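**Student:** This is the structure I have questions about; it appears just below.
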Amino acid sequence: MANIDEKLQKIARDLLESKEVSLIIGYTGGSHPQRMRPVFITKPEDVGRLSFNRHSVQDLAVFLKKQEVKKFGRIGIVVKGCDEKALNVLMQEYQVSRENIKIIGVECNGVIRQDLADKGETDLSENTVYDKCLMCGEHTPILHDYLIECADPQISMSGDIKPFAKIEELDSMSSEEKDVFWEKEFDKCIKCYACRQACPLCYCSRCIVEKNVPQWIDTNFGKIGNAQWNLIRAYHLAGRCIGCGECERACPVNIPLMLINGKMARSIHDLFGYKSGLDVDAKPVFGVFSESDFNDFIK
Amino acid sequence: MEEKYFEISAEDLKKFVDSMIKDNFEIIAPMDRDGDTFYGKIGKFDDANLDILLPKMSYKEYLLPKTETLFEYSFSGVDIDIKDGIESVEGKNRKRVIFGGRPCDAAAGPIMEKVFNWGYKDDFFNERFKNLTIVSIACEKPDDYCFCAEMQLSPESSHGSDLLLKKTGDKYSAVVVNDKGLELIASYLNLFKEIAKDEFPPDKDWKKIFEIEKAKSFLDKNFKHNYFQDRFLSCIGCGICTYTCPTCHCFDIQDEGDMKKGKRIRNWDSCQFAIFTLHTSGHNPRNTQGDRYRQRLMHKFKIYSEKFDKYLCVGCGRCSRNCPQDINIKEVVKDLTELASA
Ligand code: SF4
Ligand code: SF4
Ligand code: SF4
Ligand code: SF4
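Put into structure tokens, the structure is as follows:
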């Protein structure tokens, strides 16, 4: 661990001292030993606060959409493999330019679910990490200016745990059964919009729920308003969501939002052969027209 | 009314709750759901989880629902028919009980009551509050996020509860704080044994790590301070802190309807949302997340305490436990007290 931290700190110090960046976004120790939190370093003498471990759950790419952060201009950012995919989408969509960011990639073999970590969990195993980690194909960040190797061993899979198994279960349900399932889940929604705020790719300066001339989405917390909100957010992320899971982690009422995102990603892959966040030069799936698209309504 | 003291065995407490349910009381208690605990309506005593410290959300939705209808209207020709929403406020018969909440949650009720009766009397809040009976259980083991003692309360405070239970071994000692509490147990008195005041376990001496007045003295003098901008760079404005907080009470009024009928509703709202103070002109007086979190601190630890007594925070620590970026209000307030003396 100490080794990783030292390397991180050295990279950050060099970047700040050489003025290649004016801000480093990384992780530091949080409220208790099993929690990490974001930290913003602007002075070389503060780099000692930087750290990374299996509790570094946040996707720091989310901060790149904040105007307070954009002001810093050139930024160094610590990313895991999944977080880096968010950077790729941001670059694809012209939200971030490659020249303005220094990517400090950290190899990662999984992060421990925060609900378990809060109860004291420190073991990294197939039972303690997020489902996304069990399916992760990018343990090494795709793009990086620096790379820090992993301190944790690869997780061994017994085969008993099937990540996102619930998606298949839902696939096999009738529309009515799915409706019942999701109505019950969305009923819990308190419309805090934390899912949106925690998402690195929800960067609209004015979200559709905030547009009121006309009011597109009902403001109430009832059956209709909640379903409208959750579905519209899902669609706005279709073909864009990179599966970091921050929306689900943030959701204070535990709505399994990753089931929606996971299903959406599978459909996009099945229909268009596209996976988001893997190729910074690819055209966004909903930004291109292809003659081989399965729908012919546009031809 | 003078406080009255009782004792009840764990077994009889279960009987007490189950009898209330049989007598058509709606009992709201901490219940397990999706790997966490939330307040919800229990069908029997055993549905409740009384072992955890605090449910993830507070029970403020039973005082200020996430959405409520203030009135409904419909047109027929030139006639307008208006239905007052107060008619459909639920729980009006004093049959709704919060059971097994904690002293911090209970203390939030009277704090909100002041706001909802400051000048304008909010019938909706008042109806619900008046009809809600609160049976709390004192905490034995606060966690590191808790700071009720610093907020002039304590893990054993009865402030805001109608009945407070303290666990001692396999029985509970109970203090009935007011008539509402007495009325609740009146039909079940056979389960309770009255004891003398000095038989009721005294409060422990709970340590404090800061003096809240100091935080206020910092806020009094430092509307502009780099601390706010720097410290809350990591805040993503998700509003979870305000939505899970038992005392945050901002709401937004909206009309929903069409040419024929509609309703005026009020929804929860949050000072952490950028749009909360956005002017039509495009100007936003609270333009950064630093400005917005400062507002939260100002409202809780300065503005409220100047208008009323006490503070707009009960030290439950929910905002810290639930913040996706691990912004910890106890650390923040401690920072303010230290900055005050710096
Ligand atoms: S998805 Fe991959 S990169 Fe992301 S936290 Fe899990 S293992 Fe690490
Ligand atoms: S985070 Fe959860 S509760 Fe909040 S708006 Fe999103 S789905 Fe609803
Ligand atoms: S919960 Fe945390 S990140 Fe969200 S608005 Fe509150 S302080 Fe900011
Ligand atoms: S501000 Fe935080 S600690 Fe204070 S009452 Fe609200 S949620 Fe609890």
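Protein chains in written order, with the numbering used here: chain E, 1188 to 1486; chain V, 496 to 837.
For each residue, glycine too, the CB sits at the ideal point set by N, CA and C.
What you are looking at is a predicted structure, and each value in this text was computed from that prediction instead of being measured.
#1: Would you list the one or two residues that DSSP bridges to R1300/E?
#2: Suppose you measure from the CA of F642/V to the CA of Q1221/E; what does that come to, to the nearest Å?
#3: Looking at the unbroken alpha helix (DSSP H) that takes in F1476/E, where does it start and where does it end?
#4: Tell me whether P525/V sits in a helix, a strand or coil according to DSSP, three-state version.
#5: Less than 8 angstroms between the C-beta atoms of C599/V and P741/V, yes or no?
#6: Quick check on DSSP: helix, strand or coil for V1249/E?
#7: Are the beta-carbon atoms belonging to C1320/E and G1297/E less than 8 angstroms from one another?
#8: Identify every residue that forms a DSSP beta bridge with S631/V.
#9: What does Q820/V reach in chain E if we use C-beta pairs closer than 7 angstroms?
#10: In whole angstroms, what separates the C-alpha of H794/V from that of I1354/E?
#11: Could you check if I731/V belongs to the surroundings of ligand 3, using beta carbon to heavy atom distance under 7 angstroms?
#12: For L1334/E, list the residues DSSP reports as bridge partners.
#13: Using Cβ-Cβ distances below 9 angstroms, what residues of the segment 549 to 562 of chain V are close to chain E?
#14: Quick one: does the C-beta of G812/V sit closer than 7 angstroms to a heavy atom of ligand 4?
#15: What separation, rounded to the nearest whole angstrom, lies between the Cα atoms of A1385/E and K688/V?
#16: Apart from the five residues on each side of it in sequence, which residues of its chain come closer than 8 angstroms, Cβ to Cβ, to I1377/E?
#17: Can you list, in chain order, the residues of the segment 1194 to 1225 of chain E whose Cβ is nearer than 8 angstroms to any Cβ on chain V?
#18: Indicate whether at least one CB of chain V lies closer than 8 angstroms to the CB of T1406/E.
#19: Give me the subset of the segment 590 to 605 of chain V whose CB atoms are less than 7 angstroms from a CB atom of chain E, sorted by chain position.
#20: In terms of residues, what are the limits of the beta strand (DSSP E) holding S514/V?
#21: Do A842/V and Y554/V have their C-beta atoms within less than 8 angstroms of each other?
#22: Given that T775/V touches chain E, what residues does it touch there, using C-beta distances under 7 angstroms?
#23: Quick check: what's the CA-CA separation for G810/V versus K1398/E?
#24: Determine, using beta carbons only, whether D507/V comes closer than 8 angstroms to chain E.
#25: Can you have a look at N519/V and say buried or exposed, based on whether 16 or more other CB atoms are within 10 angstroms of its CB?
#26: Closer than 8 angstroms, CB to CB, is G901/V near chain E or not?
#27: Identify the continuous beta strand (DSSP E) that holds W763/V and give its terminal residues.
#28: Verify whether the separation of the beta carbon atoms of G1292/E and L1202/E is less than 8 angstroms.
#29: On a CA-only basis, which of S656/V, F619/V, K609/V, P697/V is nearest S631/V? Give me that one, please.
#30: Taking 7 angstroms as the limit between beta carbons, can you name the residues of its chain near R1285/E, skipping five residues before and five after?
#31: Could you check whether the Cβ of N1441/E sits closer than 8 angstroms to any Cβ belonging to chain V?
#32: For V1475/E, does the count of other Cβ atoms within 10 angstroms reach 16, so buried, or fall short, so exposed?
#33: Contact between the segment 577 to 595 of chain V and the segment 542 to 554 of chain V: three or more CB pairs below 8 angstroms?
#34: DSSP three-state label for Y449/V, please.
#35: What does T840/V touch in chain E if you count any residue whose Cβ is under 9 angstroms from its own?
#36: Using only the alpha-carbon positions, how far apart do Q749/V and I1191/E sit?
**Tutor:** To lay it out plainly:
#1: As a first step, residue 1300/E is located in the first sequence; it is residue number 113 there, counting from the start. Paired residues: none, contrary to the question.
#2: Residue numbering aside, residue 642/V sits at position 147 when the second sequence is read from its first letter. Residue numbering aside, residue 1221/E sits at position 34 when the first sequence is read from its first letter. If you take the alpha carbons of F642/V and Q1221/E, they lie about 20 angstroms apart.
#3: Your numbering for residue 1476/E matches position 289 in the first sequence. Per DSSP, F1476/E belongs to no alpha helix (DSSP H) and is neither H nor E.
#4: Position 30 of the second sequence, counting from 1, holds the residue named residue 525/V. Strand.
#5: Position 104 of the second sequence, counting from 1, holds the residue named residue 599/V. Position 246 of the second sequence, counting from 1, holds the residue named residue 741/V. Taking 8 angstroms as the Cβ cut-off, C599/V and P741/V qualify as a contacting pair.
#6: Start at 1 with the first residue of the first sequence, and residue 1249/E comes out as number 62. DSSP places V1249/E in helix when its eight states are reduced to three.
#7: Stepping through the first sequence from its first residue, residue 1320/E is reached at position 133. Stepping through the first sequence from its first residue, residue 1297/E is reached at position 110. The answer is yes: Cβ separation under 8 angstroms.
#8: Taking the first residue of the second sequence as 1, we reach residue 631/V at position 136. According to DSSP, which records beta bridges pairwise, S631/V is partnered with G596/V, L659/V.
#9: Counted from its first residue, the second sequence places residue 820/V at position 325. By Cβ distance, chain E contributes R1224, P1225, Q1245.
#10: By 1-based counting over the second sequence, the position of residue 794/V is 299. By 1-based counting over the first sequence, the position of residue 1354/E is 167. Roughly 44 angstroms between the two C-alpha positions.
#11: Working through the second sequence from its first residue, we reach residue 731/V at position 236. Flag set: Cβ of I731/V near ligand 3.
#12: Walking along the first sequence from the start, residue 1334/E turns up at place 147. The partner list for L1334/E (beta bridge, DSSP) reads G1292/E.
#13: K551, M552, E556, P560, K561, T562
#14: Reading the second sequence from its first residue, position 317 is the one you call residue 812/V. Under cutoff, so the answer is yes.
#15: Here residue 1385/E refers to the residue found at position 198 when the first sequence is read from its first residue. Here residue 688/V refers to the residue found at position 193 when the second sequence is read from its first residue. Between A1385/E and K688/V, the C-alpha separation is close to 52 angstroms.
#16: As a position in the first sequence, residue 1377/E is number 190, starting the count at 1. Excluding positions up to five away in sequence, the list reads F1408, P1439, V1440.
#17: G1217, S1218, H1219, R1222, M1223, R1224, P1225
#18: For this step, residue 1406/E is matched to residue 219 along the first sequence. Yes, because at least one Cβ of chain V sits closer than 8 angstroms to the Cβ of T1406/E.
#19: none
#20: As a first step, residue 514/V is located in the second sequence; it is residue number 19 there, counting from the start. No beta strand (DSSP E) holds S514/V; the alpha helix (DSSP H) holding it covers 505 to 517.
#21: Nothing can be reported for residue 842/V, as the shown portion of chain V is limited to 496 through 837.
#22: What you label residue 775/V is simply residue 280 of the second sequence in a count that begins at 1. Neighbours of T775/V on chain E: none; closest Cβ ~11 angstroms, over 7 angstroms.
#23: Position 315 of the second sequence, counting from 1, holds the residue named residue 810/V. Position 211 of the first sequence, counting from 1, holds the residue named residue 1398/E. C-alpha separation (whole angstroms): 35 angstroms.
#24: Within the second sequence, numbered from 1, the residue matching residue 507/V stands at position 12. Cβ-Cβ to chain E under 8 angstroms: no for D507/V.
#25: Against the second sequence, residue 519/V aligns to sequence position 24. With fewer than 16 Cβ atoms within 10 Å of its Cβ, N519/V is classed as exposed.
#26: The question about residue 901/V has no answer here: the residues shown for chain V are numbered 496 through 837.
#27: If you number the second sequence from 1, residue 763/V lands on position 268. Where W763/V is concerned, the enclosing beta strand (DSSP E) stretches over 756 to 763.
#28: Here residue 1292/E refers to the residue found at position 105 of the first sequence. Here residue 1202/E refers to the residue found at position 15 of the first sequence. Not a contact, by the Cβ cut-off of 8 angstroms.
#29: As a working mapping, residue 631/V is identified with position 136 in the second sequence. Minimum Cα distance to S631/V is reached at S656/V.
#30: Start at 1 with the first residue of the first sequence, and residue 1285/E comes out as number 98. Closer than 7 angstroms at the Cβ level, and outside the excluded window around R1285/E, lie M1278.
#31: Within the first sequence, the letter at position 254 stands for residue 1441/E. Judged by the 8 angstroms Cβ criterion, N1441/E is in contact with chain V.
#32: Against the first sequence, residue 1475/E aligns to sequence position 288. When all chains shown are included, V1475/E counts as exposed.
#33: yes
#34: Since the first and last residues shown for chain V are 496 and 837, residue 449/V lies out of range.
#35: Since the first and last residues shown for chain V are 496 and 837, residue 840/V lies out of range.
#36: On the second sequence, position 254 is the one that residue 749/V refers to. On the first sequence, position 4 is the one that residue 1191/E refers to. The alpha-carbon atoms of Q749/V and I1191/E are separated by roughly 51 angstroms.
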